[in-house]
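In full-length UniProt numbering, the protein residues as written are 1 to 295.
Each residue gets a CB set at the ideal place from its N, CA and C atoms; glycine is no exception.
Just so you know, these numbers come straight off a predicted model, no measurement behind them.
Just below is one structure, and these are the notes that go with it.
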Ligand SMILES: [Zn+2]
């Protein structure tokens with residue numbers, strides 16, 4: 001672990017990653033090393049985030065990161081890959097709830113009641129589960145973590161602050177048109193339950209904004225004729241889901257932005273395009289040789 005977490009890309013922290021909302025132009029301008037990109041990129045705007053100011057402290061201690069992102073953005077996938085790469089646990093609070101429910105733990109019956117009544121699991125219970133998970137991990141010699149699905153509100157973020165230190169909050173973003181297409185392209189095999197995506201997103205670049213390509217995830221032939229669409233994956237429902245997410249998380253983004261901990265990252269495409277750029281944004285380029293381990 002120590003070797004994995006040694007000081008790395010600090011010397012190359014001149015990259016800038018800009019973060020602009022999905023409606024406006026997206027670009028990433030790189031350091032002087034990449035003249036080609038620099039020439040194409042518009043000049044940095046005041047909203048450009050200088051990564052040097054971010055607390056990317058994985059050269060000193062294991063990462064304690066939070067991942068944020070809209071439904072459909074692939075947050076779990078990237079969080080999981082990074083946790084493999086860095087050797088830290090990927091803790092998804094949804095999994096913690098499911099695990100507790102299927103256990104005979106002290107909260108199981110209380111949780112079952114809440115979930116069966118269709119109520120939201122309280123912040124206190126989630127924090128309780130999370131603290132237990134972190135303590136159990138520490139006892140096993142784990143250190144660091146990547147949180148996925150928590151916090152979702154400022155109140156939760158404040159409670160989390162009292163429990164542990166968060167170094168960095170990675171906010172994954174994808175243009176709304178691509179998110180929508182991805183959500184609408186989801187298919188499930190009615191026989192084996194396999195998850196696929198038939199959307200082939202190929203947005204042409206225009207007026208200086210880059211194009212975006214995301215390959216479909218097609219089913220094998222034996223599933224192809226058995227695909228079904230989830231009934232709540234309609235355009236109307238997906239749009240509403242995204243709207244609610246944005247409304248709920250904007251204050252949270254502001255909370256971490258004002259503390260200098262928010263790294264906004266616009267996904268430039270599917271995993272093949274996005275993964276190397278995400279590593280660069282996180283000062284993890286020197287982990288490139290470990291990519292296969294995370295695949
Ligand atoms: Zn199948």
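With fewer than 16 neighbouring CB atoms inside 10 Å of its own CB, residue 163 falls in the exposed class. Annotated as proximal: residue 245 and residue 70, with beta-carbon spacing under 7 Å. Boundaries of the alpha helix (DSSP H) around residue 246: 235–257. DSSP places residue 191 outside both helix and strand once states are collapsed to three, so it counts as coil. Under the 8 Å Cβ criterion, the stretch 259–274 counts as touching the stretch 163–183, having at least three qualifying pairs. Between residue 123 and residue 156, the CB-CB gap stays under 7 Å. Among the bridge pairs identified by DSSP, residue 69 is matched with 172.
Here residue 112 is not bridged, per DSSP, to any residue. Not one heavy atom of ligand 1 falls within 6 Å of the beta-carbon of residue 183.
Here residue 266 carries a strand assignment [DSSP, helix/strand/coil]. Summarising the contact set, residues whose Cβ lies nearer than 7 Å to any heavy atom of ligand 1 are, in chain order, 189, 191, 192, 194, 219, 222, 223 and 226. Residue 230 counts as exposed, since fewer than 16 other C-beta atoms from the protein chains shown sit within 10 angstroms of its C-beta. Relative to residue 194, the option among 211, 177, 204 and 224 whose CA is nearest is 224. At the C-beta level, residue 199 and residue 215 stay beyond 7 Å of one another. For the 7 Å CB-CB criterion, residue 79 and residue 146 form a contact. For residue 95, the enclosing alpha helix (DSSP H) begins and ends at 93–101.
Contact annotation, residue 197 with residue 172: C-beta distance approximately 17 Å; criterion of less than 8 Å not satisfied. For residue 123, the enclosing alpha helix (DSSP H) starts and ends at 123–139. Taking a C-beta distance under 7 Å as the contact criterion, residue 250 and residue 144 do not qualify as a contact pair. In the displayed model, residue 283 falls within coil according to three-state DSSP, outside both helix and strand. Judged by beta-carbon spacing, residue 96 lies beyond the 7 Å limit of residue 120, meaning their Cβ atoms are not closer than that value. Nearest in C-alpha terms to residue 152, of all of 221, 94, 237 and 232, is 94. Around residue 90, the same chain offers 79, 80, 83, 146 and 148 as residues with beta carbons nearer than 7 Å, after the five sequence neighbours per side are excluded.
The distance from the Cβ of residue 88 to that of residue 62 is about 5 Å, consistent with a contact at the 8 Å cut-off. Counted as a single uninterrupted DSSP element, the alpha helix (DSSP H) harbouring residue 82 occupies residues 75–86. In this structure residue 267 is not in contact with residue 184, their Cβ atoms being roughly 17 Å apart against a cut-off of 8 Å. Residue range 145–148 is occupied by the beta strand (DSSP E) that includes residue 146. Ranked by Cα distance from residue 179, the options 188, 233 and 228 are led by 233.
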